[in-house]
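Numbering of the sequence shown is given in our numbering, commencing with residue 109 and proceeding in unit increments.
Contents: one structure, followed by commentary.
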Amino acid sequence: MSLKVLIPSLFLPILSGGSLAAPGRAAIEPAQQDSLDILREETDGSLEEALATALDGRDHIDGAWSGESRVARWTLLLKEFLVKDGTGGQPAGSLDQVDLVYHDRRAEDWSTVFDQGGITISRRSAREADTPARPALGRAQLRSDLLAYEKGRQARVGLKIVAIDSTVRAGVERSWTDVRASAFEVRRGERVEHNALWRVGWEQGADGSSRMIEFIWLEEERSLLGSNLPTFADRTATAFDAPLSDACAVGLESWRRRLDSLLGTGLLGHHGFAFGDINSDGWDDLYVCQPGGLPNRLFLSHPDGTLSDRSTASGADFLDSSPSALLLHLDDDEHFDLALATADEVLLLAGDGKGHFELRNRLPASTTTSLSASDFDLDGDLDIYVCGYVSPYDGSTTPLPYHDANNGHRNQLLRNDGSLAFVDVTVAVGLDQNNRRFSFAAAWADHDHDGDPDLYVANDFGRNNLYRNDEGSFVDVAATLGVEDISAGMGVAWGDVDNDGWDDLYVSNMFSSAGGRIAYEQVFQPSADPAARDAFRRHARGNSLFRNNSGKSFTDVTGAPGSGAGMGRWAWGSILFDANDDGRLDVFVPNGMITGQRDDDL
109 MSLKVLIPSL FLPILSGGSL AAPGRAAIEP AQQDSLDILR EETDGSLEEA LATALDGRDH
169 IDGAWSGESR VARWTLLLKE FLVKDGTGGQ PAGSLDQVDL VYHDRRAEDW STVFDQGGIT
229 ISRRSAREAD TPARPALGRA QLRSDLLAYE KGRQARVGLK IVAIDSTVRA GVERSWTDVR
289 ASAFEVRRGE RVEHNALWRV GWEQGADGSS RMIEFIWLEE ERSLLGSNLP TFADRTATAF
349 DAPLSDACAV GLESWRRRLD SLLGTGLLGH HGFAFGDINS DGWDDLYVCQ PGGLPNRLFL
409 SHPDGTLSDR STASGADFLD SSPSALLLHL DDDEHFDLAL ATADEVLLLA GDGKGHFELR
469 NRLPASTTTS LSASDFDLDG DLDIYVCGYV SPYDGSTTPL PYHDANNGHR NQLLRNDGSL
529 AFVDVTVAVG LDQNNRRFSF AAAWADHDHD GDPDLYVAND FGRNNLYRND EGSFVDVAAT
589 LGVEDISAGM GVAWGDVDND GWDDLYVSNM FSSAGGRIAY EQVFQPSADP AARDAFRRHA
649 RGNSLFRNNS GKSFTDVTGA PGSGAGMGRW AWGSILFDAN DDGRLDVFVP NGMITGQRDD
709 DL
């Protein structure tokens, strides 16, 4: 069966090579109405209802997907371990009903890996492979360790099966599941988070039942946030000198029910914002992009920490769907100008330093996702790079092949020739190489210290680009330097994370526990080339961290012990910054995805 793309990076399109239909239920055929049409034409009811309709019939499995068909049952059994039965504080009875072997692979003692500014992080990492093995333990010790893990946190415990490996020996099927567990508590104003990694073995009975046979506790991490720790707080309600406009305060779901979809009020909410001092008072102001049919907003910042809406007076309150904006200096004066991406153009507006903008130029650009700027030719003014995509709403193009698509819209490099006049030089400077890749974001950095900025482009549905800048001409060296990162690229950030003087690379991708499980089933893409199958599997792995080796190459250190860089969930971007002023870069990752509220949702 073949499933058409619904939304960028939705993992369903790669589930081919086996039927996912439930018993008595036919698989989706191409002739049937596509879910995308349902979403596009939906005008009444909630977004959740529309998604439930769109996904109906697609997230069901048959016996061929042996591991995935048991995930719900395994999850239920695992959750029983962390639920007290109310008769003395013991876990539910499932532990007493099974014979199992328990291995504790955690280090003997906790190791403090960070302790500063009210944050303490400790780990019991997995013991080294050459460490003498401990004797196997039984269910009594497992019961004790699990009780210690969940004590006081049973209301905030989460479990997720992230990988499955099944084999059949002597007619008996056995499966291994990798399980991530999280537990939270608040005590005396302090917040504590525990994260654990388990590997659990199951034996399948002839009647379809599952019996746990082995439990391996690999590692555990504990984070303590002190009661006096400064934190970020939501100040939206008090930051504005007047009630926040409905155009900003009402959610996307509400506007989708009220506005014509042709205006560009899309499902995904790809709308950016920009900061800059546009009225020259020393305070950064905020420009907010909006969906089509709603005016973009400009908020002026004041010394008392409040913001006032000056959208109409600014001349920048466009009603076009606006995915990205930059406040930056584009001409010879000292005032901030505005570059704004709309559905089919990049608008260039000159600022007067008093909070007003004048439209000076407009350049064609199809389905832009983001803008970035740098002086690529070192002539003293900022040039603009435009990331292009194919709209998920027009249904005209499906990324092909899914794991290595290069059939999207072209990206553009716009050279600044002064006075807000720009020229498309994409082909002339060599940036049209591998340039149809469903790009989400791009960022500039001089990764090789040769004096000019290089460009990294994060692409959905396949490999990324690293364009090395050789005195104003570019060559794609991503494959050579080891940073193609074949995945669902959403964002990119440069920063020296190891303080060695060289900018390292953090790439935001999609983490999908379901994707990680399904892609390793035996019936997944059985006839595919092994390299292509590995590329599919990488799509669900999560974010990537690449260490810069003095500009000569990069090393993928995502999976290095203690890295913690990969688990960004369904990540849309990232920012590297020093959050606690300790001289080391931290990473902030916005994440999330719309999904159906169903137990069998993939």
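Backbone N, C-alpha and C define an ideal beta-carbon position, used for all residues, glycine too.
Inter-residue Cα distance where the pair is residue i and residue j
i	j	result
T534	D540	6 Å
D664	R232	23 Å
T505	G516	8 Å
S283	R625	12 Å
M419	T450	Note that residue 419 is Ser in the sequence shown, not Met. Approximately 17 Å between the Cα atoms of the pair.
D612	H555	8 Å
N577	R655	19 Å
V454	D608	38 Å
D491	S331	43 Å
K112	D637	Note that K112 has pLDDT 25, beneath the 50 cutoff, so the model's placement of it is unreliable and the number below is only indicative. Their backbone Cα atoms lie some 21 Å apart in a straight line.
N519	P634	35 Å
S658	D558	11 Å
G377	V605	30 Å
R641	Q630	11 Å
A668	T220	17 Å
H379	L448	11 Å
L250	E301	20 Å
I321	S621	23 Å
D385	A627	48 Å
V179	W310	11 Å
L456	Q224	45 Å
A304	S290	6 Å
L408	D253	54 Å
S318	V280	11 Å
V294	D485	53 Å
A244	D686	43 Å
F373	D286	This sequence places Thr at residue 373; Phe is not what is there. Whole-angstrom Cα-Cα distance: 39 Å.
Coarse secondary structure for residue i, derived from DSSP in three states
i	result
F548	strand
V697	coil
I227	strand
G597	coil
V583	strand
E188	helix
V287	strand
A449	strand
H511	helix
Y257	helix
A304	strand
F644	helix
T588	helix
T183	helix
L539	coil
S430	coil
D690	coil
Per DSSP, cross-strand counterpart(s) of residue i
i	result
Y493	S480, L521
A244	Paired residues: none, contrary to the question.
F530	N524
S652	V615
F662	N656
G603	D612
W310	S283, M320
R299	V294, L333
E216	DSSP lists no partner for E216.
Terminal residues of the beta strand (DSSP E) in which residue i lies
i	result
W610	No beta strand (DSSP E) contains W610, which DSSP labels as neither H nor E.
I683	683–685
D439	Element bounds for D439: n/a, residue is neither H nor E.
S51	The structure shown does not extend to residue 51, since the chain is modelled only from 109 to 710, so the question has no answer here.
S409	405–409
P472	465–472
F569	F569 -> no beta strand (DSSP E), and no H or E assigned at all.
G384	381–384
V396	393–396
Unbroken alpha helix (DSSP H) run spanning residue i, endpoints
i	result
R677	Segment: none, R677 is in no alpha helix (DSSP H) and carries neither H nor E.
T420	419–422
T344	344–347
L360	360–366
S620	Neither: S620 is in no alpha helix (DSSP H) and is coded neither H nor E.
Any non-hydrogen atom of the ligand ATP within 7 Å of residue i CB
i	result
S219	The ligand ATP is not part of the structure shown, which contains no ligands of any sort.
Three or more C-beta pairs below 8 Å linking the stretch 409–416 and the stretch 430–442: no
The stretch 323–330 / the stretch 207–224 touching (three or more Cβ pairs under 8 Å): yes
Contact between the stretch 588–600 and the stretch 557–577 (3+ Cβ pairs under 8 Å): yes
Touch test, the stretch 525–532 against the stretch 582–593, Cβ-Cβ under 8 Å, three pairs minimum: no
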